[in-house]
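Start counting the sequence shown at 31; every next residue gets the next number (this note's numbering).
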Amino acid sequence: MSERPAIEFIDLKAQRQHIGKAMDEAILKVVHDGNYILGQQVQEFEAGLAAFCGAKHAIGVANGTDALILVLEALGIGPGDAVICPSFTFAATAEVVAWMGATPVFAEIDEATYNIDPKSLGAALETAKQHKLNPRALISVDLFGQACDYEPIEAFCKQNGLVLISDSAQGYGARYKGRVAGAIGDFATTSFFPAKPLGCYGDGGAILTDNDEHAALLMSLRFHGKGSYKYDNVRVGVNSRLDTIQAAVLIEKLKVYAEEIEKRQVVAQRYTAALKDVVVTPHVMADCVSTWAQYTIRVAADRRDAFQAALKAKGVPTTVYYPKPLHQQTAYKHYPVAGNGLPISERVAQEVVALPMHPYLDEETQDYIIAQVLEALAAPAAAVA
Ligand SMILES: *Cc1c(COP(=O)(O)O)cnc(C)c1O
C-alpha cells in the first residue's frame with residue numbers, strides 16, 4: 031500500500047485551507063481591539079445566526095450544555111418536573127434536566143432516523159404522570175444532523191402543554207419541510223464545539239427563540255442576572271457568554287456554512303450509493319436535508335469491533351456514537367423510561383458506527399474509505415472476529 035496522508039475523522043485543517051486566512055485576520059482583530067467579552071462581533075454573529083435559520087433572536091452562550099441549562103432555568107424547571115427526551119443521544123441532553131433537579135423521562139427512538147419517535151411520546155407522558163411528576167417540556171435532538179419529525183412532535187407538545195426545546199447541536203441548519211433547524215421549537219439550542227457542523231475554536235453555544243421576553247431573560251441570565259446595566263442584578267444568573275474571539279471565528283464559518291452543508295450532501299450521497307446494498311445506510315426523511323454531523327451505518331453487533339479494527343488497520347478512523355443509551359448509564363439508569371423499555375435504543379447503540387465525514391472529504395480519499403469498508407464487510411465473520 032502506498033503512503034497516504036492520515037485520514038481525519040473530521041478534518042478541520044482542510045477547512046483552514048479555504049477560510050484560514052480570513053479567520054486568522056478576524057481573530058487578530060479581536061486581539062488588537064481588546065473587546066474580549068461581548069465585543070461587537072458577538073452581536074454581529076448572533077444576528078447572522080438568527081437570520082440563517084429564520085429565528086427572531088439568537089443568544090450566544092459559553093457552550094451547548096449551558097444553552098440547554100439556561101432555557102430550563104428561564105422556564106423555572108426543577109424538582110418535581112419531568113422533561114421528556116431521547117436516551118440515544120449525547121449525555122448533555124438529559125444531564126441538564128437532572129442538573130436542574132428535574133427528572134428526565136426517556137422516550138424511544140425511531141429505528142430508521144434514530145430520532146425521538148413521536149409514537150413513543152404518549153407512553154413517556156404516562157410514565158411521567160405515574161411517577162407523580164409534572165410534565166413540563168420535551169427536548170428533541172436532531173441526531174447526527176437530521177431534524178426530528180417535528181409536525182407530530184409539535185402537535186403533541188401543544189396538546190399536552192409542553193414546551194418544545196430542540197437540541198440542535200448537531201443539526202443547526204438542517205431542513206425540515208421548508209423550515210430550518212434552529213428556528214423550530216419554542217427554543218432551539220446549538221453547540222459550537224469544534225467537531226459540530228458549525229464549530230468554533232473552543233467552546234461555544236447559542237439559544238434561538240422567537241419570544242422577545244424569553245430572549246431578554248436569557249440575555250440577563252447569561253450575565254449574572256443583570257438588569258439595566260452590569261452592576262444592577264435583578265435575578266440570580268450565571269456567567270455564560272460566547273467569547274468575542276469565538277464569535278469572530280464563527281462569523282467567518284457561517285459565511286461558508288450553506289456551501290459546506292451542500293458539500294456534505296455530495297459526500298453522503300456518494301457513501302450511500304456505494305454502500306446501500308451491503309449495509310444499513312442513513313435514512314433521510316422526505317423533504318428534509320441533514321447537516322450530516324455524522325454519517326452513521328449499522329453493522330451486526332457481534333462484528334462491530336472487528337469491523338472497526340479492520341478499518342483502523344487500513345488507516346480509516348471510525349467512531350461509535352453512542353455505545354450505550356443514557357438509560358443504561360450509571361448516572362441515569364434510575365430515571366424512568368417510557369412504556370416497557372427502550373429496545374430500539376439498546377439495539378441500535380450496539381450496531382451503529384460512523385465513518386469519516388466532513389465537507390472537504392475528497393473523492394479519492396472517500397473511494398479509498400469505501401473500498402476498505404466493503405472489504406471489511408465482505409470478510410467472513412470468523413476471519414474478522
Ligand atoms: C455536543 C452536544 C451537546 C453539548 O454541547 P457542548 O457545547 O459540548 O456543551 C448537547 N447536545 C447534543 C446532542 C450534542 O451533540
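All C-beta atoms in this analysis are idealised placements derived from N, C-alpha and C, irrespective of residue type, glycine included.
Helix, strand or coil at residue i according to DSSP, with G and I counted as helix
i: Leu-385; result: strand
i: Val-60; result: helix
i: Ala-218; result: strand
i: Val-308; result: coil
i: Gly-203; result: coil
i: Ser-117; result: coil
i: Ser-270; result: coil
i: Phe-223; result: coil
i: Gly-50; result: helix
i: Ala-112; result: strand
i: Ala-178; result: Residue 178 is actually Cys in this sequence, not Ala. The answer is coil: DSSP assigns Cys-178 none of H, G, I, E or B.
i: His-313; result: coil
i: Cys-230; result: coil
i: Asn-263; result: strand
i: Leu-194; result: strand
i: Thr-321; result: coil
i: Lys-354; result: coil
i: Lys-256; result: strand
i: Arg-34; result: coil
i: Thr-349; result: strand
i: Ile-146; result: strand
i: Ile-183; result: helix
i: Gln-45; result: helix
i: Ile-281; result: helix
Start-to-end residues for the alpha helix (DSSP H) that takes in residue i
i: Cys-83; result: 70-83
i: Asp-96; result: 94-105
i: Val-126; result: 122-129
i: Gly-435; result: Residue 435 lies beyond the range of the chain shown here (31 to 415); nothing can be said about it.
i: His-244; result: 242-251
i: Asp-397; result: 393-408
i: Ala-335; result: The question names Ala, but residue 335 is Asp in the sequence shown. Residues 334-343.
Rounded separation between residue i and residue j - CA only
i: Ile-49; j: Ile-57; result: 12 Å
i: Ala-368; j: Ile-139; result: 11 Å
i: Leu-98; j: Ala-409; result: 44 Å
i: Cys-318; j: Arg-205; result: 5 Å
i: Asn-190; j: Lys-207; result: 23 Å
i: Val-329; j: Lys-256; result: 51 Å
i: Glu-393; j: Ala-336; result: 26 Å
i: Thr-395; j: Val-268; result: 45 Å
i: Phe-120; j: Pro-353; result: 10 Å
i: Lys-15; j: Val-286; result: For the chain, the structure presents residues 31 to 415; residue 15 sits outside this window and is missing.
i: Gly-232; j: Gln-160; result: 42 Å
i: Pro-373; j: Ala-158; result: 19 Å
i: Leu-42; j: Ala-340; result: 25 Å
i: Ile-400; j: Lys-306; result: 11 Å
i: Phe-82; j: Gln-73; result: 14 Å
i: Pro-165; j: Arg-377; result: 27 Å
i: Ala-245; j: His-254; result: 15 Å
i: Pro-35; j: Leu-385; result: 17 Å
Boundaries of the beta strand (DSSP E) in which residue i is found, first to last residue
i: Leu-238; result: 235-239
i: Tyr-325; result: 325-328
i: Phe-136; result: 133-137
i: Ser-170; result: 164-171
i: Pro-213; result: In the sequence on display, residue 213 carries Ala and not Pro. Taken as a continuous stretch (DSSP letters only), Ala-213 belongs to no beta strand (DSSP E), as it is neither H nor E.
i: Gly-90; result: 87-91
Test item: CB-CB of residue i and residue j under 7 Å
i: Leu-194; j: Gly-212; result: no
i: His-313; j: Ala-177; result: no
i: Val-383; j: Val-350; result: yes
i: Phe-217; j: Gly-234; result: no
i: Leu-173; j: Tyr-144; result: yes
i: Phe-136; j: His-357; result: yes
i: Leu-407; j: Val-308; result: yes
i: Val-210; j: Gly-78; result: no
i: Thr-219; j: Asp-197; result: yes
i: Glu-282; j: Met-130; result: no
i: Ala-122; j: Thr-95; result: yes
i: Phe-75; j: Pro-355; result: no
i: Ile-327; j: Thr-348; result: no
i: Ala-132; j: Gly-108; result: yes
Test: residue i CB closer than 7 Å to a CB of chain D
i: Ala-304; result: Here there is only one protein chain, and chain D is not present.
Stretch-stretch touch, CB-based, cutoff 8 Å, three pairs: the region 84-103 with the region 228-238: yes
Between the region 109-124 and the region 167-185, can you find at least three pairs of beta-carbon atoms closer than 8 Å? yes
Three-pair Cβ contact test at 8 Å for the region 144-155 versus the region 368-380: yes
- Pairing CB atoms from the region 197-205 with CB atoms from the region 318-327, are three or more of them under 8 Å? yes
query = Does the region 274-290 touch the region 51-66, meaning 3 or more C-beta pairs lie closer than 8 Å?
reply = yes
message = Count Cβ pairs between the region 242-261 and the region 285-295 that sit closer than 8 Å; are there 3 or more?
response = no
- Task: Check whether the region 252-266 touches the region 295-305, counting contact only when three or more Cβ pairs, one atom from each stretch, lie closer than 8 Å.
- Result: no
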